[in-house]
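K.L.:
Please read through the structure below; I'll follow up with questions.
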Amino acid sequence: MEALTAHLSQLGHGLVTTVELTVVTTLGAMLLGIVVATLRIAPVPLLRAIGTAYVEVFQNLPLLALLVLFVFALPTIGITFPLFTSAAIVIAVYEGAYLAEAIRAGINTVGVGQAEAARAIGLTFGQSLRHVILPQGLRAVIQPIGNICIALLMNTSLAAAVGVVELTQAANTVNLVEAQPIAVFTGAGLAYMLLALIIGQVTGLLERRLAIVR
Amino acid sequence: MVSVRGLNKWFGPLHVLKDIDLTVAAGEVVVVVGPSGSGKSTLCRCLNRLETAGQGSIEIDGEPLPAEGRALARLRADVGMVFQSFNLFGHKTVLDNITLGPTRVRRIPRPEARQQAMALLERVGIADKADHHPAQLSGGQQQRAAIARALAMQPKVLLFDEPTSALDPEMVNEVLDVMVSLAAEGMTMIVVTHEMGFARRAADRVVFMDDGRIVESGAPDDFFAAPRTERARDFLSKILQH
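Have a look at this one:
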């Protein structure tokens, strides 16, 4: 226990970084997910192909490999970002592929008739998506989206591998000093668990509040 | 108002519309009848390009149907459509279903759009359901809301694709009454239906389709009393004997 209390500020900083990384990445991944899901149902074949390629590439590569490539390969062609930014971009791009597939599943639950009715009153493709298809499609997959967000939270720990001092990295550092892995990582694990529980609660709340009257 | 010339349509190898010629004048009410699979719904859906024509031309109010994009969206705003399965937007209240088009497509300010929507709901007799969601309404009420949604765009033509086929028998009349009153007010309407009573009461012309062709077309009294073709006689004897 002392191993934890003695390093509270260090661990606290790590926790804050984890939360920041999770929030920023979730927002980015949601945006990408919506865009890519939209590409995958677009009426233009080329756009659909781009959407499919995105999902196939980023869903089928390990996140750790992507992180390492981004952080160590891009500087060789002269592109460098701060470590936190790099990690946020890579995780958002990676989780965006998963979210895109969940969102596409949601879009598929919205009946063809809804899209036809939207077009029949003169809405453009974009307006139909924004006002009719996505509001219903997203509601249908709030729970799977929540699950992906929890997975995203866990995946932020991989940012440690490229030098971002988030919670796992902080715990690791503390452990190097204290040599009490059980106490230190149990503490860190409980913190992750708490964050995941919060995401789960928010998901449940959203699902109830936004339920479509059937 | 609507002019169709030499319209042909294929679904894969299936030739569903064959050399359709149809002209509908402003204010005219045309009822399209025929056995299922005769192509009448497809014809209806071609008129606002929910189905693309394979061949031939369609003009609405003198303008050829645009192929896609914003021009097509603008045209659809002028061509109302009422579906068999209502297709009200499930996540929106009845009122919001009706104001969506006017506010987003016509750019009418929200308060004004709401006022017009309430007047339309009053007209179709469900003003008290304005704040309900579609699932809380009966089928007949949903279809009347869908008609109000189409009317809110102040369309030049209204297309009805079997508007009463999904309704319980006791709700059919409440929808037909609304349609009859629209017809009486001079709305240009193309109605695909099996309701022969409506055709008799409200149609200026009945078009009979079979196997993708317009087989016969005439005033309702003539058509029902003395169909000219064997196919139409056969069809009418089957649906009117009960």
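Protein chains in written order, with the numbering used here: chain P, 1 to 214; chain S, 1001 to 1242. Even glycine gets a Cβ: it sits at the ideal position worked out from N, Cα and C. Only a predicted model underlies this, so the values are computations on that prediction, with no experimental measurement involved.
(1) Classify residue 60/P as buried or exposed, calling it buried when 16 or more other Cβ atoms lie within 10 Å of its own Cβ.
(2) Would you say residue 1050/S lies against chain P (beta-carbon separation less than 9 angstroms)?
(3) Count the other C-beta atoms from every protein chain shown that fall within 10 angstroms of the C-beta of residue 16/P, then say buried if there are 16 or more, exposed otherwise.
(4) Would you say residue 1199/S reaches chain P, if we count a Cβ-Cβ gap shorter than 9 angstroms as a contact?
(5) Closer than 8 angstroms by beta-carbon distance: list the chain S residues that pair up with residue 38/P, in chain order.
(6) Give the straight-line distance between the Cα atoms of residue 1020/S and residue 1095/S, rounded to the nearest whole angstrom.
(7) Considering only C-alpha positions, which residue in the set 138/P, 113/P, 127/P is nearest to residue 1106/S?
(8) Please specify which runs of the alpha helix (DSSP H), each continuous and at least 4 residues long, are wholly inside the segment 83 to 111 of chain P, giving them in chain order.
(9) Between residue 1165/S and chain P, is there a C-beta pair that is closer than 9 angstroms?
(10) Alpha carbons only, please: which of 1001/S, 1003/S, 1007/S is nearest the one belonging to residue 1212/S?
(11) Label residue 141/P either buried or exposed according to how many other C-beta atoms from any shown protein chain fall within 10 Å of its C-beta, with 16 as the threshold for buried.
(12) Among 201/P, 157/P, 175/P, 202/P, which residue has its Cα nearest to the Cα of residue 22/P?
(13) Less than 9 angstroms between the C-beta atoms of residue 91/P and residue 63/P, yes or no?
(14) Using a Cβ cut-off of 7 angstroms, which residues of the segment 110 to 129 of chain P contact any Cβ in chain S, in chain order?
(15) Could you round the C-beta distance between residue 1116/S and residue 1152/S to whole angstroms and report it? I think they count as a contact, below 8 angstroms.
(16) Taking residue 111/P as the reference, which of 1074/S, 1091/S, 1026/S, 1172/S has the closest Cα?
(17) For a minimum of 3 consecutive residues, which ranges assigned as the beta strand (DSSP E) are wholly contained in the segment 1111 to 1173 of chain S?
(18) List, in order along the chain, the chain P residues whose C-beta lies closer than 9 angstroms to that of residue 1085/S?
(19) Check whether the segment 180 to 190 of chain P touches the segment 114 to 131 of chain P, counting contact only when three or more Cβ pairs, one atom from each stretch, lie closer than 8 angstroms.
(20) Quick test of your reading: residue 136/P and residue 114/P, contact by CB under 8 angstroms. State the CB separation rounded to the nearest angstrom.
(21) Return the bridge partner residues of residue 1017/S from the DSSP annotation.
(22) What are the boundary residues of the beta strand (DSSP E) that residue 1080/S is part of?
(23) Assuming residue 70/P is part of the alpha helix (DSSP H), what are its boundary residues?
(24) In angstroms with no decimal places, state the Cα-to-Cα distance between residue 1041/S and residue 1108/S.
(25) Who are residue 1022/S's beta bridge partners in DSSP?
(26) Anyone know if the C-beta pair for residue 278/P and residue 96/P falls short of 9 angstroms?
(27) Could you tell me the distance, in whole angstroms, from the CA atom of residue 2/P to the CA atom of residue 184/P?
(28) I need the straight-line Cα distance from residue 1031/S to residue 1208/S, nearest angstrom please.
(29) Chain S partners of residue 136/P, CB-CB under 7 angstroms?
(30) Output yes or no for whether 9 angstroms exceeds the beta carbon distance between residue 1235/S and residue 1016/S.
(31) Which runs of the beta strand (DSSP E) spanning at least 3 residues fall entirely within the segment 1182 to 1222 of chain S, listed in chain order?
(32) Okay, do the segment 1157 to 1166 of chain S and the segment 1179 to 1188 of chain S touch, 3+ Cβ pairs below 8 angstroms being the bar?
(33) Cα separation between residue 6/P and residue 54/P?
(34) Can you name the residues of chain S whose CB is closer than 9 angstroms to the CB of residue 50/P?
(35) Compare the C-beta of residue 57/P with all C-beta atoms of chain S and state if any pair is closer than 9 angstroms.
(36) Taking only beta-carbon positions, decide if residue 1002/S is within less than 9 angstroms of chain P.
P.N.:
The structure says:
(1) exposed
(2) yes
(3) Exposed, by the Cβ-count rule.
(4) no
(5) The premise fails here: residue 38/P is roughly 17 angstroms from chain S at the closest Cβ pair, so nothing lies under 8 angstroms.
(6) 38 angstroms
(7) 127/P
(8) 83 to 109
(9) no
(10) 1007/S
(11) buried
(12) 157/P
(13) Using a Cβ distance threshold of 9 angstroms, residue 91/P and residue 63/P count as a contacting pair.
(14) The segment 110 to 129 of chain P vs chain S, Cβ under 7 angstroms: 113, 114, 116, 117, 119, 120, 121, 122, 123, 124, 127.
(15) 6 angstroms
(16) 1091/S
(17) 1157 to 1161
(18) Under the 9 angstroms cutoff, chain P gives 111, 113.
(19) no
(20) So it is a contact: roughly 7 angstroms between Cβ atoms.
(21) 1009/S
(22) 1079 to 1082
(23) For residue 70/P, the uninterrupted alpha helix (DSSP H) run begins and ends at 63 to 73, by DSSP.
(24) Taking the straight line joining both Cα atoms gives about 32 angstroms.
(25) Residue pairing from DSSP places residue 1022/S in a beta bridge opposite 1004/S.
(26) Past the boundaries of the shown model lies residue 278/P; chain P is included only from 1 to 214, so the question cannot be answered.
(27) 10 angstroms
(28) 8 angstroms
(29) 1090, 1091
(30) no
(31) 1188 to 1192, 1205 to 1210, 1213 to 1218
(32) yes
(33) Taking the straight line from one Cα to the other gives about 45 angstroms.
(34) Neighbours of residue 50/P on chain S: none; closest Cβ ~19 angstroms, over 9 angstroms.
(35) no
(36) no
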